[in-house]
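Single-structure report; data block below.
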Amino acid sequence: MDLSGQIVLAYLEEDDTRRVLYRVRPLMSEQGPITLEDLEAYGEEGYLRVAPDRQEQHSFKDRMGALGSLCVIDLRDTQASLGKVRPNKNYQPGRGETNRYIVYSDAVKALPRDLVYEVVTGANSVKALTGLYYLREGGRISGPHCPDNSLSCPDSQVLMPDCERLFLVEMPDHSSRMFYWPLREETPPQQAMPRQAMPEEPAPGQDGAPSPDFQPSPEQPTAEAARLAAPVPALALQEQFAMAAAQLHRVLSLSGFDISPPQAAHLLLLCLLSCRLQLVGDNLADARYAALILLGLLPDGQAAMDTQVVNDEGLPLQLMYSDSSSMRRRIKRYLASPWPVVRLFSARGIPDMAPDFERLDLGALRAGLSGRRPPLSLQDEARLGALYGRLSHEGCALPLQLRARMADYLGYSAQLSQLEEESAFDLALRAYALPYLQARGYGDEEISELLDIENL
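Set out below in structure tokens:
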């Protein structure tokens, strides 16, 4: 895992007080939590040994001890960060040195006050690991709040529970903490040009080709930008979704899959709302075939097979396939950031292996979903509340991400598709809650009772 060019929230611990040895474990970057799968590159426990930089041989102990539990690994300066992370020459798991890599101490810095905030309940505010924190009270999240007797505190704001900048992070002790990492646009300082070097303004009315880095004035957006920024009317969006769902149903049916129009609409909605999607088939070959069909239906750059992805930053959809809903080798990655799973059955007869089709433009449909989630019906709210309460009581509460995504699915399903509420809720359970309980090790009978569904 390459950390260069990033600033990473990390957990710092002194694992050998006798020899004053420190190590750090990456927790999350601006893109989200560091997965357990990625941490395996650093060794069994996912830590990097902190090696004293030559400039602070004498101040190393005091500075590390003053950082607290949370710090940052700051490698944003690509040139200066070269060589800051390198293999540990003393790596010997049999002798207790389990940290495969080192990071030099000058890259390990104090957590900036306004970079990231822990989200806590009122009773746990004194236990917040960040200096400033957000408070969660029911469905309301507000902050930042400051410790008592603080003389300065930023203006407070309220976050929606489904804010995409809220991340649930697994800590080294296997507990989970929620953090809010706001996005910030960094604008490099402008340097004034020497007066004699300032370019002359063109004469009024003089035409000239725009420079390669020419950007339209914000006050005069291009026609294309205005078209993309314009809200899509609800009725037009419903028509676009219905046409795309019908196209998806036709192609999958001709290709040999036993899929109904509501199931095709369900699959399309999962594609629109998800960054990752796992397709489960009767066998591995059919699951892969379904993923390839879906990949072929989408324009280049809108999706990729999971095995083709090196860096998923900015990629709208990653497709995975399997012959069962078991996560197997993906279990650590799934539990850190769960994704939906959809089951596709193969039909009888001879499939058309090359049906005619028109491509689906997920980007155009997603543009219509960029606003706030449509309000849930009272019945869906009651169903979700009962589900969350039941699972929490049994010690298997759904992660916050899954809860928000189920609510998104139900809200947009009511807006876009013709699914009845009960059918949409059943499909949401099977796509989101069922795989999570299976990944947690629950058996079919337990899951059927917990989710109140049959025919798993």
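If you use the working numbering, the sequence shown corresponds to residues 131 to 586, in order.
Note that the Cβ used here is the ideal one computed from N, Cα and C, for glycine as well.
Counted as a single uninterrupted DSSP element, the stretch harbouring C401 is not any beta strand (DSSP E) but the alpha helix (DSSP H) occupying residues 391 to 403. For V150, the closest of M194, G269, L402, Q432 by C-alpha to C-alpha distance is M194. Under the three-state reduction of DSSP, I137 is assigned to strand.
Looking at the DSSP output, G162 bridges to S159. Secondary structure of P223 (DSSP, three-state): helix.
Counting C-beta atoms within 10 angstroms of its own C-beta, L499 has 16 or more neighbours from the protein chains shown and is therefore classed as buried. Inside the stretch 460 to 526, DSSP marks whole beta strand (DSSP E) runs of 3 or more residues at positions 471 to 473, from first to last along the chain.
Here DSSP, grouped into helix, strand and coil, assigns I583 to coil.
Contact annotation: the stretch 485 to 505 does not touch the stretch 404 to 411, with fewer than three C-beta pairs closer than 8 Å. Ranked by Cα distance from A375, the options L427, E227, Y419, L422 are led by L427.
Setting aside the 5 residues that flank it on each side, A434 is surrounded in the same chain by L425, L445, L447, Q448, L449, each with a C-beta closer than 8 Å to its C-beta; the list follows chain order. Remark: C-beta atoms of V154 and Y177 approach each other more closely than 8 Å. Here L508 is exposed. Its C-beta has fewer than 16 other C-beta atoms within 10 Å. In this chain, P312 is not harboured by any beta strand (DSSP E), its DSSP state being neither H nor E.
With contacts defined as CB atoms closer than 8 Å, G269 and P284 fail to qualify as a contacting pair.
Within the same chain, H396, L400, P470, V471, V472, Y539 come within 8 Å of A561 by CB-CB distance, once the 5 residues on both sides are set aside. Closest in C-alpha terms to A554, from the list P217, R513, V299, comes R513. Counting along the chain, the unbroken alpha helix (DSSP H) around M536 starts and ends at 530 to 546. If you ignore the 5 residues before and after I423, its C-beta comes within less than 7 Å of the C-beta of V381, L382, S385, all in its own chain and listed in chain order.
Considering only Y264, I461, D303, L532, the residue with the shortest C-alpha distance to V288 is Y264. Closest in alpha carbon position to S547, among Y518, D491, L367, is L367. Following the DSSP letters along the chain, one finds M194 in no beta strand (DSSP E) but inside the alpha helix (DSSP H) bounded by residues 190 to 196.
A direct Cα-Cα distance of roughly 14 Å separates E174 from N218. A distance of 8 Å or more separates the beta carbons of L241 and L133. Restricting attention to A420, I583, G515, the CA atom closest to the CA of D482 is found in A420. G226 and M308 have their C-alpha atoms roughly 32 Å apart. When C-alpha distances from S199 are compared across L212, A140, T165, F190, the shortest belongs to A140. Nearest to M373 by alpha-carbon distance, out of K257, S255, A494, Y451, is A494.
Sixteen is the threshold: when 16 or more other Cβ atoms of the shown chains lie within 10 Å of the Cβ of A394, as they do, the residue is buried. Beta-carbon to beta-carbon, A563 and L528 are separated by about 6 Å, close enough to satisfy the 8 Å threshold. Within 10 angstroms of the beta-carbon of R230 lie 16 or more other beta-carbons, which makes it buried. Distance from the CA of L197 to the CA of S306, rounded to the nearest whole angstrom, comes to 21 Å. Take the alpha-carbon of W311 and the one of I137: they are about 12 Å apart. Excluding residues up to 5 positions away in sequence, F190, S235 lie with their Cβ nearer than 6 Å to the Cβ of P182 in the same chain. Distance from L378 to L398 at the Cβ level is roughly 5 Å; contact confirmed, criterion being Cβ atoms closer than 8 Å. Beyond the five residues adjoining it in sequence on each side, P156 comes within less than 6 Å, by CB distance, of V138, A140, I164 in the same chain, given in chain order.
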